[in-house]
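Peer 1: In my numbering, the protein residues as written are 32 to 159.
(1) Residue 71: which of 97, 35, 34 and 148 sits nearest, CA to CA?
(2) On the premise that residue 86 lies in contact with residue 93, defined as a C-beta separation below 8 angstroms, what is that separation, rounded to the nearest angstrom?
(3) Contact defined as beta carbons within less than 8 angstroms: I believe residue 149 pairs with residue 142. What is the distance between those atoms, to the nearest angstrom?
(4) Of all the options 136, 65, 115 and 63, which has the alpha carbon lying nearest to the alpha carbon of residue 45?
(5) Going by DSSP in three states, residue 87 sits in which element: helix, strand or coil?
(6) Looking at the unbroken alpha helix (DSSP H) that takes in residue 53, where does it start and where does it end?
(7) Let me check understanding here. Comparing Cα to Cα, which of 126, 117, 123 and 156 lies closest to residue 136?
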């Protein structure tokens, strides 16, 4: 997980884009068991998290667990933030975040614990 990703200098972002692409290419390649070697051919891809092969990561052999993920957070519009290069944008899906509805979250947490009057309790907790 990369926090405040767009505060990283553009030169470093280009290197990160190449590294992420290498890992994603290996994940796609090893998704098909026919592309794996020896003992990895019979393993399922995904659940439970299992190593499905080794790949070359810029001269270093690294084991791949295909359930790995990359997550970035950005706060665009602030001073000192850089725009992500297009090759890096293409590797991630965007998701806009808004302020969470704490009353609804509290209501669900209370319901999951067995509270019958979860809604009024959640409103009271949220008011505090």
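For every residue, glycine included, the Cβ atom is placed at its ideal position computed from N, Cα and C.
Peer 2: So, from the listed chains and residues:
(1) Working through the chain shown from its first residue, we reach residue 71 at position 40. The option with the nearest alpha carbon to residue 71 is 97.
(2) Your numbering for residue 93 matches position 62 in the chain shown. Your numbering for residue 86 matches position 55 in the chain shown. The beta-carbon separation of residue 93 and residue 86, rounded to 6 angstroms, stays under the 8 angstroms limit for a contact.
(3) Residue 149 sits at position 118 when you count from the first residue of the chain shown. Residue 142 sits at position 111 when you count from the first residue of the chain shown. Between residue 142 and residue 149 the Cβ distance is about 4 angstroms, and since that is below 8 angstroms, they are a contact.
(4) Here residue 45 corresponds to residue number 14 of the chain shown, with the count starting at 1. If you compare the alpha carbons of 136, 65, 115 and 63 with that of residue 45, the shortest gap goes to 115.
(5) Within the chain shown, numbered from 1, the residue matching residue 87 stands at position 56. In this structure, DSSP gives residue 87 an extended state, which the three-state scheme calls strand.
(6) To locate residue 53, count along the chain shown from 1; it is residue 22. Here the alpha helix (DSSP H) through residue 53 covers 41 to 62.
(7) As a working mapping, residue 136 is identified with position 105 in the chain shown. Relative to the Cα of residue 136, the nearest Cα in the group 126, 117, 123 and 156 belongs to 156.
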